[in-house]
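Here the structure comes first, spelled out in structure tokens, and everything after it is commentary.
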Amino acid sequence: MDLRPDTQTDAQLIELAQSRSPDATEAFEKLYRRHRDWVVRAARRLTPDDQAALDAAHDAFLGLMRRLSVPPPLKLRSRLTTYLYPAVRHAAARAAKKRTLPRDLPVAGPSADHEPAASGSLRAALDRLPPAQREVLVLHTVEGLTLEEVALAMQTPVGTAKSRLHKALQRLRADESLRELFEP
Amino acid sequence: MHDHDDSQSEPAVPAKLADALRQISRQPIDTRELDTRVLACADRLGSPSSFPIRLSMGRLVGLGGALAAGLALAMVFWPQLSQPRSASLAQSSIANDFDRDGRVTVLDAYLVARGVRDGTVDPAWDADASGTVNLSDADAIAQLAVLLEPADSAPTSERLDSAGAG
Chain A
4 MDLRPDTQTD AQLIELAQSR SPDATEAFEK LYRRHRDWVV RAARRLTPDD
54 QAALDAAHDA FLGLMRRLSV PPPLKLRSRL TTYLYPAVRH AAARAAKKRT
104 LPRDLPVAGP SADHEPAASG SLRAALDRLP PAQREVLVLH TVEGLTLEEV
154 ALAMQTPVGT AKSRLHKALQ RLRADESLRE LFEP
Chain B
12 MHDHDDSQSE PAVPAKLADA LRQISRQPID TRELDTRVLA CADRLGSPSS
62 FPIRLSMGRL VGLGGALAAG LALAMVFWPQ LSQPRSASLA QSSIANDFDR
112 DGRVTVLDAY LVARGVRDGT VDPAWDADAS GTVNLSDADA IAQLAVLLEP
162 ADSAPTSERL DSAGAG
């Protein structure tokens with residue numbers, strides 16, 4: 004195992020993965036390990052269970068691998084996650100359709116027994132948000148994407164992402180049970 | 012339809028809300044199975060001749076068309092193809108007769124294409140002498156087999172031999 008610090012950027016690794024050299028596999032593996040948890044989390048928010056999330060993540064990474072293996076070369080113009088996210092959404096939608104489960108799935112992921120009580124209220128409030136508003140809120144707040152990156156990932160105009168975030172916050176603020184989360 | 016509003020400023024997410032959202036959104040999932048599934052495929056990225064998803068759409072269409080035409084011919088002439096052959100043909104070493112059935116047919120192309128797909132190619136299948144075995148070889152054999160396969164003539168192998176010699 005290579006224990007050297009991983010200093011290569013995503014763009015450098017993408018280039019290497021497309022080089023058809025012996026280093027291509029290692030480059031892809033680094034990209035995979037760097038973004039795996041993010042992709043799995045994103046997939047989990049869009050799918051009914053862990054297995055469906057793993058399937059969606061698998062499809063997203065295979066899609067990336069397929070893209071890296073055919074010309075023209077992929078040039079990364081933003082974070083790799085903004086490229087992967089549409090693939091995750093697509094795969095998650097396919098998985099949900101296959102399992103004929105309700106489309107309006109909870110975005111917050113599985114609940115945990117050790118969560119504080121306020122988390123339950125927040126989780127319920129999130130589930131009541133329109134899916135598109137929920138997605139923007141989580142991608143921006145939890146995953147740390149800028150609104151420009153959120154817009155790219157969701158393939159919408161930036162103004163739309165901004166507006167959805169604004170409306171999501173408005174709805175949450177109106178919820179009495181979440182008042183403490185809006186206090187300074 | 013999108014709800015546009017470019018003019019408004021970026022809304023600030025309160026710190027406590029952000030923390031709470033992060034807390035409920037980050038539940039660990041066991042990814043060992045995913046690691047195995049994805050990284051098993053990643054091994055193929057560095058091997059130019061054996062990765063099935065390197066195919067261009069044009070080549071796929073071309074090969075698919077050639078294979079479809081060949082298979083149609085094979086079905087039409089199946090009674091002839093399935094008759095027992097002489098020992099000399101069964102043992103023949105005809106160029107490109109990779110399945111050793113005494114003829115060069117689309118089935119030889121299929122054998123090569125399947126080998127490329129599965130990563131189990133034989134160096135002897137380098138029909139176009141390019142130094143690597145890939146779909147170009149399957150393509151070339153399929154086209155040759157389809158183009159030179161008449162309905163009522165001597166065994167294909169003889170014609171291929173003469174074509175190769177000429």
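Note that the protein sequences, when read in sequence, are chains A and B.
Under my numbering, read the first sequence as residues 4 to 187, first letter to last.
Under my numbering, read the second sequence as residues 12 to 177, first letter to last.
Every residue, glycine too, gets a C-beta built ideally from N, C-alpha and C.
- Contacts with chain B (Cβ-Cβ distance below 8 Å) from the region 44 to 55 of chain A involve R44, R47, R48 and D53, listed in chain order.
- Residues of the region 23 to 51 of chain B with a C-beta atom less than 8 Å from some C-beta of chain A are V24, P25, K27, L28, A29, A31, L32, R33, Q34, I35, S36, R37, Q38, I40, D41, T42, E44, L45, D46, R48, V49 and L50, listed in chain order.
- With a contact defined as Cβ atoms closer than 8 Å, B/I152 and B/V115 qualify at about 7 Å.
- Taken through DSSP and simplified to helix, strand or coil, B/G76 comes out as helix.
- Judged by DSSP secondary structure, B/R55 falls outside any alpha helix (DSSP H); it is assigned neither H nor E.
- With respect to B/L56, A/T28 sits close: the two C-beta atoms are nearer than 8 Å.
- Taking a contact as a CB-CB distance under 8 Å, the pair A/H38 and A/L83 counts as one, their CB atoms being some 6 Å apart.
- With the rule of 3 Cβ pairs closer than 8 Å, the region 129 to 136 of chain A does not count as touching the region 92 to 99 of chain A.
- Here B/V144 really is in contact with B/D137; their C-beta atoms are around 5 Å apart, less than 8 Å.
- Per DSSP, A/T50 is not a residue of any alpha helix (DSSP H), being assigned neither H nor E.
- Counting C-beta pairs with one atom in each stretch, the region 44 to 54 of chain B and the region 170 to 178 of chain A have fewer than three that are closer than 8 Å, which means they do not touch.
- With contacts defined by Cβ atoms closer than 8 Å, A/P76 and A/Q21 form a contacting pair.
- Considering only A/K78, A/E18 and A/L184, the residue with the shortest C-alpha distance to A/R126 is A/L184.
- Under the 8 Å criterion on CB atoms, B/L56 is classed as interfacial with respect to chain A.
- The beta carbon of A/M68 lies closer than 7 Å to those of F31 in the same chain, with the five residues before and after it left out.
- Taking a C-beta cut-off of 8 Å against chain B, the contacting residues of the region 134 to 150 of chain A are L140, V141, H143, T144, V145 and L150, listed in chain order.
- Below the 8 Å Cβ cutoff, chain A contributes T28, F31, E32, Y35 and M68 as neighbours of B/A53, in chain order.
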